[in-house]
Amino acid sequence: MVVVNKAYVDLAERLATASGDIVCRYFRSLHQIGQKLDSTPVTIADKEAEFEMRKIIQAECPDHGIVGEEGGKILENAKFVWVLDPIDGTKNFASGSYQFGTLISLIENGEFILGIIDQPVLRERWLGVKGQPTTFNGEPVQVRSCSSLSDAWMYSTSPNMFDSDNHERFERLTRKVKHSLFGTDCIGYGLLASGFTDIVCEAQLKHWDYAAHIPIIEGAGGFISDWNGKPLTLGSSGTVLASGDKRIHDAALTVLSDSDLR
Numbered sequence: 005m006v007v008v009n010k011a012y013v014d015l016a017e018r019l020a021t022a023s024g025d026i027v028c029r030y031f032r033s034l035h036q037i038g039q040k041l042d043s044t045p046v047t048i049a050d051k052e053a054e055f056e057m058r059k060i061i062q063a064e065c066p067d068h069g070i071v072g073e074e075g076g077k078i079l080e081n082a083k084f085v086w087v088l089d090p091i092d093g094t095k096n097f098a099s100g101s102y103q104f105g106t107l108i109s110l111i112e113n114g115e116f117i118l119g120i121i122d123q124p125v126l127r128e129r130w131l132g133v134k135g136q137p138t139t140f141n142g143e144p145v146q147v148r149s150c151s152s153l154s155d156a157w158m159y160s161t162s163p164n165m166f167d168s169d170n171h172e173r174f175e176r177l178t179r180k181v182k183h184s185l186f187g188t189d190c191i192g193y194g195l196l197a198s199g200f201t202d203i204v205c206e207a208q209l210k211h212w213d214y215a216a217h218i219p220i221i222e223g224a225g226g227f228i229s230d231w232n233g234k235p236l237t238l239g240s241s242g243t244v245l246a247s248g249d250k251r252i253h254d255a256a257l258t259v260l261s262d263s264d265l266r
């Protein structure tokens, strides 16, 4: 059983707080919205927040690796690697929506042992630590029971994240669930962990988009995998299915994988 060093948990929380202070300072007051190479918006808040987190990690744990959306990789083969996404939901953030968060995760020898979803404006924080119950603002949370896809509420960031083949598979799943909703980015995973929804289904994600969610969902009693039911790794294809109940997780995997199911 993995025992996570409390010092690393404390460090992760301090990283979230430091990042959040910067993010809050720019929220709804941005004058600079640039473009990344893939044409998605990037703000000065993204860059400053990740720079601050990197500075703290390198000062306190110089032998740890860092993989960040804005700053690239250093020591990515180290025993401990931090994965940072300063603003997951940049478009929402840039447009003044609260549906964004900072994602922080820690990997030990390839295993996802710690994850944080932090919404700094609303002061909402989910913390997942391997072997411990997931917490929301310090209080334990748990996924809810749901035995049938026909009763399930499902979140995804956007219908545009599914390309041709994945779009058809996703559409099949939307026809099976009770409600299919969009727009939450990382917050949907927190809502799943807290028992307010049943499924999150997404595609075209980078590892910094999902690394933090793994210990959070699992620590709340949920399940998370790629669309083939395989455990997520830094090398996964980018499809993600998270569910609060094993029964609907398995049922959703069947819908997503069966090319003959309509």
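Numbering-wise, the working numbering comes out as the position in the sequence shown, counting from 1, plus 4.
Beta carbons are placed, not taken as given, at the ideal position from N, Cα and C, and that holds for glycine.
For residue i, the three-state DSSP class (helix, strand or coil)
i, result
"F174", "helix"
"H183", "strand"
"G24", "helix"
"K77", "strand"
"S160", "strand"
"D202", "coil"
"A215", "coil"
"A224", "coil"
"A11", "helix"
"D155", "helix"
"L126", "coil"
"S229", "strand"
"L131", "strand"
"S19", "Ser is not the amino acid found at residue 19; the sequence shown has Leu there. Helix at L19."
"D167", "coil"
"R32", "coil"
"V6", "coil"
"G239", "coil"
"G142", "coil"
"P137", "coil"
"V87", "strand"
Cβ pair residue i, residue j closer than 8 Å
i, j, result
"W212", "G72", "yes"
"V133", "G225", "no"
"F186", "S160", "yes"
"D249", "S168", "no"
"E54", "E74", "yes"
"R129", "A20", "yes"
"G142", "P219", "no"
"V181", "M165", "no"
"V145", "G192", "no"
"D189", "Q136", "no"
"D254", "S240", "no"
"V6", "E175", "no"
Span of the beta strand (DSSP E) around residue i
i, result
"G194", "Unbroken run through G194 is the alpha helix (DSSP H), 191-197; no beta strand (DSSP E)."
"T106", "105-112"
"Q208", "Taken as a continuous stretch (DSSP letters only), Q208 belongs to no beta strand (DSSP E), as it is neither H nor E."
"L245", "244-247"
"V71", "69-72"
Enclosing alpha helix (DSSP H) for residue i [first to last residue]
i, result
"D254", "250-261"
"M57", "48-64"
"T94", "94-98"
Problem set entry | Contact the region 245-257 vs the region 198-210: 3+ CB pairs below 8 Å | With a cut-off of 8 Å, the region 198-210 and the region 245-257 count as touching, because enough Cβ pairs lie within range.
Problem set entry | the region 105-112 touching the region 80-90, judged by at least three CB pairs closer than 8 Å | yes
For this session: Indicate whether the contact test is met: 3 or more Cβ pairs, each with one atom in the region 23-35 and one in the region 115-131, closer than 8 Å.
Result: Judged by Cβ distances under 8 Å, the region 23-35 makes contact with the region 115-131, as three or more pairs qualify.
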